[in-house]
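Numbering (UniProt numbering), first residue to last: 1 to 222. Presented below is the structure to which this report refers.
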Amino acid sequence: MLEGYNFPVDKAGRLKDIRKHKSKDPAMFRANWTDIITDPIPPNIKPQAVTDFLHDHVGLINLSPIVTRHQRKEASSPEEGEAYDVWENIDLLPLGLWKHEIHFSVSFADTPDGVVSFIDAPLGLQSKATYMVRRSNPDGPADVSAPQSPQAAERGPDREAMWDGGWVLEERVESSVSVFFKLMVEGQLVPTRKTMHQRLLKKVEERLHGGDAAELPTARDQ
């Protein structure tokens, strides 16, 4: 497991809820929440190709616009899967006036339809992100249980065709951090993850169809 943190995996290897695990902070000072980011997969992209990319852990790490470097580390248990040390530049002040590089550990566990990542980061942040490739609601134009991203809304008439019985990339991020840092963490987490979704779909499209890539967005563009 990651240093100083027990991953939410039981004896049978099943994933547990991260919020059931102990933290150094008293419960009253912890903020626990879930963000769901969902984007339609365009019809010209095979769902299996998206799943295959999610199993490329280095590729997934490099999708983040704030990652500066990473290196593989030795896994301390079979359940941990692939583990990495990662460094990111985060904004401590708005508009990029004060950036700070942080280091954290991340581990990946592949699933048939995606991947689950576990992060143990500074500020007492613990995060579990579940990526999955699934069908949208076959009985309606969209899965109303998941928020629609601005990118999907801006796709115009084609958006309905993508949602109506099509495939979506969904990421469910369960986070736990000190209440004093929740706004800062969530304010950077959601824009970064949305950017990663755009980059992922663009990368998969390039792998399938080739061609030059358009300029990839940054988190600040969101």
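All C-beta atoms, glycine included, are put in the ideal place defined by N, C-alpha and C.
Helix, strand or coil at residue i according to DSSP, with G and I counted as helix
{"i": "I61", "result": "helix"}
{"i": "A213", "result": "Only weak support exists for where A213 lies, its pLDDT of 43 falling under 50; the value from the coordinates is given anyway. Residue state, collapsed to three classes: coil."}
{"i": "P112", "result": "coil"}
{"i": "L183", "result": "helix"}
{"i": "A49", "result": "helix"}
{"i": "residue 264", "result": "Outside the displayed span of the chain (1 to 222) sits residue 264, for which this structure offers no information."}
{"i": "E205", "result": "helix"}
{"i": "L15", "result": "Because the pLDDT at L15 is just 39, under 50, the model does not fix this residue reliably, and the point stays unresolved."}
{"i": "H55", "result": "coil"}
{"i": "P42", "result": "coil"}
{"i": "Y5", "result": "Residue confidence for Y5 is low, a pLDDT of 34 falling below 50, so the modelled location carries little weight; the figure read from the coordinates is stated next. Here Y5 sits in coil by DSSP."}
Sub-7 Å separation of residue i and residue j beta-carbons
{"i": "E171", "j": "I37", "result": "yes"}
{"i": "E88", "j": "I66", "result": "yes"}
{"i": "R69", "j": "Y84", "result": "no"}
{"i": "V177", "j": "A49", "result": "no"}
{"i": "V168", "j": "P42", "result": "no"}
{"i": "F104", "j": "S117", "result": "no"}
{"i": "V185", "j": "F29", "result": "no"}
7 Å Cβ shell around residue i - same chain, five flanking residues per side excluded
{"i": "H55", "result": "D110 and V115"}
{"i": "K182", "result": "A31"}
Spatial neighbours of residue i in its chain, beta-carbon cut-off 6 Å, leaving aside the 5 residues before and after
{"i": "L63", "result": "M196, R199 and L200"}
{"i": "E101", "result": "W87 and N89"}
{"i": "M132", "result": "D113, G114 and E170"}
Minimum C-alpha distance to residue i - residue among the options
{"i": "K203", "options": "T51, A129, A31 and R30", "result": "T51"}
{"i": "H57", "options": "E206, V185, V86 and I41", "result": "V86"}
{"i": "R193", "options": "E74, K128, E101 and P112", "result": "K128"}
{"i": "Q188", "options": "N137, I90 and Q126", "result": "I90"}
{"i": "L125", "options": "E174, E74 and D113", "result": "E174"}
{"i": "T34", "options": "T130, S136 and G210", "result": "T130"}
{"i": "P122", "options": "I61, M132 and V106", "result": "V106"}
Other residues of its chain near residue i: CB distance less than 8 Å, five sequence neighbours each side excluded
{"i": "G59", "result": "F53 and K203"}
{"i": "L208", "result": "N44, I45, K46 and A49"}
{"i": "residue 230", "result": "One cannot answer for residue 230 here, as it falls past the ends of the chain, which runs 1 to 222."}
{"i": "I61", "result": "V67, H70, Y84, V86 and V106"}
{"i": "G210", "result": "none"}
Residues bridged to residue i (per DSSP)
{"i": "I36", "result": "R172"}
{"i": "H100", "result": "I90"}
{"i": "S117", "result": "F108 and A129"}
{"i": "D85", "result": "Q71 and S105"}
{"i": "Q30", "result": "Per the sequence presented here, residue 30 reads as Arg, with Gln not at that position. Note: R30 sits in a beta bridge opposite S178."}
{"i": "R134", "result": "V168"}
The ligand ADP heavy atom lying under 6 Å from the CB of residue i
{"i": "K194", "result": "What this structure holds is no ligand at all, so the ligand ADP is not there to describe."}
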